[in-house]
Amino acid sequence: MRREVPKSSLFDDLRRARRRSRSMRSSADAGVSGRPHRVLYDAHERERPDNQTDAETFLKRLTLNARVRERAYVSSAIAAWTISQQCAMVVVHAGLHAALVDGSAEARGRIRLELGALAVGGVAWALGGSNGGRGLGGLVKRSLRSLRLFALVSCGLAALTPLCQTMTAAVSDDTAAVCSALSLGLYVLAYDYAFANLETKQLASSFSLGAAMFATMLMASRLDDRPSVFADALLALECYVLAPYVWRAVRVRSTALHLIVVFTVHVWAFIIARECDPLLGWAFVAWTFLLAVLSPGLLVFLARRGKTQIAGPWDEALPKLYLFRGTERASGVPRYRHYYANKRSIE
1 MRREVPKSSL
11 FDDLRRARRR
21 SRSMRSSADA
31 GVSGRPHRVL
41 YDAHERERPD
51 NQTDAETFLK
61 RLTLNARVRE
71 RAYVSSAIAA
81 WTISQQCAMV
91 VVHAGLHAAL
101 VDGSAEARGR
111 IRLELGALAV
121 GGVAWALGGS
131 NGGRGLGGLV
141 KRSLRSLRLF
151 ALVSCGLAAL
161 TPLCQTMTAA
171 VSDDTAAVCS
181 ALSLGLYVLA
191 YDYAFANLET
201 KQLASSFSLG
211 AAMFATMLMA
221 SRLDDRPSVF
231 ADALLALECY
241 VLAPYVWRAV
251 RVRSTALHLI
261 VVFTVHVWAF
271 IIARECDPLL
281 GWAFVAWTFL
291 LAVLSPGLLV
301 FLARRGKTQI
311 AGPWDEALPK
321 LYLFRGTERA
331 SGVPRYRHYY
341 ANKRSIE
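Quick note, in UniProt numbering, the sequence shown goes up one by one and the last residue is 347.
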């Protein structure tokens, strides 16, 4: 005759076996790594199941905003100024393009200034850069790269100028203007601002650069003579492709110098926009004030007032890389060989 075993005794036996296995694993891990094993339930509640909840003990270890990062207005404002700086570069390019269209700016004079700015940037990078080494060999490598970049940019744009001039001959001016404005708006929205704020090491904004180059080709194709097309395309290349590396280098050198450069770019953009239309100039000032002054303050205020993080014993365990640093298995093999997991011990 088959004897029935009560379910409660089966559950008790399984619970005891699980506790014994956990205690054995924790003692073994403590002997190997030198640190005690951390369990995810209270040791004094052994008589209760792991999912036991009641009104007395469930909310005892409730914490609010324990790991919430408080935002500072200064850091938020500096990050916002990076966004407004790219908006200012768009205004500079659009304003100088309008000056070429109405004939108020000389194309050949603009070409000389832009080539001079490109040469100055190449010399500054060759003298103050760190790629290739700090000695004479590194200086020679950077100088050769600067010369190659100068030749490729100038000669490549000069060869593509006839193609750019007739690329959109069948497109109306209104369509080209609307598509250019939308593309420049996408450039500002999709730009990799983390690169200029020193959060990443590589510029990852291929979509935004593609949108900017599409707008550049549309705008340059509406000009009449080849020098104007070359001047407009070269300015766009310097504003959208090469300028982010300049802003990052300035930010690495000094935050104060970065703020001076940002202020200078905004003043330059305001002067250009006001020459096109005084209303556009003051609209740019209002937009910059809203984006660079009011928006960071509103972000800090909302983060302090509305951010609430609830934490407690019910949270899921999240593995951290630094917890595996210096730990080994019984065979002597490291548990985790990732570079960032051992970065602190290496330093």
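Built from N, CA and C at the ideal position, the CB exists for glycine as well.
Values in this document were obtained by computation on a predicted structure and should not be read as measured data.
Where Ala169 and Ala176 are concerned, what is the direct C-alpha to C-alpha distance, given to the nearest angstrom? Working through the sequence shown from its first residue, we reach residue 169 at position 169. Working through the sequence shown from its first residue, we reach residue 176 at position 176. Those two C-alpha atoms are separated by around 10 Å.
To the nearest angstrom, how far is the alpha carbon of Ala30 from that of Trp125? By 1-based counting over the sequence shown, the position of residue 30 is 30. By 1-based counting over the sequence shown, the position of residue 125 is 125. Note that Ala30 has pLDDT 41, beneath the 50 cutoff, so the model's placement of it is unreliable and the number below is only indicative. Distance between the alpha carbons of Ala30 and Trp125 is about 53 Å.
Measure the alpha-carbon distance for Leu127 versus Asp174 and round it to whole angstroms. For this step, residue 127 is matched to residue 127 along the sequence shown. For this step, residue 174 is matched to residue 174 along the sequence shown. Answer to the nearest angstrom: the Cα atoms are 45 Å apart.
Go ahead and label Gln86 buried or exposed: buried means 16 or more other beta carbons lie within 10 angstroms of its beta carbon, across all protein chains shown. Against the sequence shown, residue 86 aligns to sequence position 86. So Gln86 ends up on the buried side.
Quick check on the burial criterion: 16 or more other C-beta atoms within 10 angstroms. Buried or exposed for Tyr187? Here the question's residue 187 lines up with position 187 in the sequence shown. Under this definition Tyr187 is a buried residue.
How would you call Arg25, buried or exposed, if buried means at least 16 neighbouring beta carbons within 10 angstroms? Taking the sequence shown and counting its residues from 1, the one referred to as residue 25 is at position 25. Unreliable placement is indicated for Arg25, whose pLDDT of 45 sits below 50; the coordinate value is still reported in the next sentence. That one is exposed.
Whose CA, out of Pro162, Val265, Ile111, Ala249, lies closest to the CA of Leu203? Position 203 of the sequence shown holds residue 203. The shortest C-alpha separation from Leu203 is found at Ala249.
Please say whether Thr82 and Tyr193 have beta carbons closer to each other than 8 Å? As a working mapping, residue 193 is identified with position 193 in the sequence shown. As a working mapping, residue 82 is identified with position 82 in the sequence shown. Taking 8 Å as the Cβ cut-off, Tyr193 and Thr82 qualify as a contacting pair.
Could you pull the start and end residues of the alpha helix (DSSP H) that Lys201 belongs to? Start at 1 with the first residue of the sequence shown, and residue 201 comes out as number 201. Taken as a continuous stretch (DSSP letters only), Lys201 belongs to no alpha helix (DSSP H), as it is neither H nor E.
Whose CA, out of Arg69, Leu96, Lys201, lies closest to the CA of Arg110? Reading the sequence shown from its first residue, position 110 is the one you call residue 110. Among Arg69, Leu96, Lys201, the Cα nearest to that of Arg110 belongs to Leu96.
Using DSSP with H/G/I as helix, E/B as strand and the rest coil, what is Ala170? Numbered from its first residue, the sequence shown carries residue 170 at position 170. Coil at Ala170, not helix or strand.
Suppose you measure from the CA of Ile271 to the CA of Ala158; what does that come to, to the nearest Å? Looking up residue 271 in the sequence shown gives position 271. Looking up residue 158 in the sequence shown gives position 158. So the two alpha carbons sit approximately 29 Å from each other.
Spell out a yes or no on whether the region 214-227 and the region 252-259 are touching, meaning 3 or more CB-CB pairs, one atom from each, closer than 8 Å. no
Reduced DSSP secondary structure (H/G/I, E/B, other) of Gly257: For the purposes of this step, residue 257 is identified with residue 257 of the sequence shown, where counting begins at 1. A small correction: the amino acid at residue 257 is Leu; Gly does not occupy that position in the sequence shown. Looking at Leu257 - three-state DSSP - the assignment turns out to be helix.
Measuring alpha carbon to alpha carbon, tell me which of Ser143, Arg71, Ser154, Gly137 ends up nearest residue 351. Any property of residue 351 remains undetermined from this structure, which presents the chain solely from 1 to 347.
Taking 8 Å as the cut-off, does the region 91-108 touch the region 271-284 (at least 3 CB pairs, one atom from each stretch)? yes
How many Å lie between Arg305 and Cys164 at the Cα? Along the sequence shown, one-based indexing puts residue 305 at 305. Along the sequence shown, one-based indexing puts residue 164 at 164. Cα to Cα, Arg305 sits roughly 52 Å from Cys164.
Selected residue, minimal CA-CA separation from Gly185, among Val300, Leu149, Ala212: The residue you call residue 185 lines up with position 185 of the sequence shown. For the residues Val300, Leu149, Ala212, the minimum Cα distance to Gly185 belongs to Ala212.
What is the residue span of the alpha helix (DSSP H) that Ala72 lies within? The count along the sequence shown starts at 1 and reaches residue 72 at position 72. Taken as a continuous stretch (DSSP letters only), Ala72 belongs to no alpha helix (DSSP H), as it is neither H nor E.
Helix or strand or just coil, what does DSSP make of Val153? Your numbering for residue 153 matches position 153 in the sequence shown. Helix.
Note the first and the last residue of the continuous alpha helix (DSSP H) segment covering Ser228. For the purposes of this step, residue 228 is taken as the residue at position 228 of the sequence shown. Looking at the DSSP string, the run of the alpha helix (DSSP H) that includes Ser228 is 226-237.
Buried or exposed for Ala151, please, with buried defined as at least 16 other CB atoms from any protein chain shown within 10 angstroms of its CB. As a working mapping, residue 151 is identified with position 151 in the sequence shown. The residue in question, Ala151, is exposed, as its Cβ has fewer than 16 Cβ neighbours within 10 Å.
Quick check on this structure: which residue in Thr308, Asp224, Phe289, Leu242 has the alpha carbon closest to the alpha carbon of Ala80? One-based indexing of the sequence shown puts residue 80 at position 80. Residue Phe289 is the option with its Cα nearest to Ala80.
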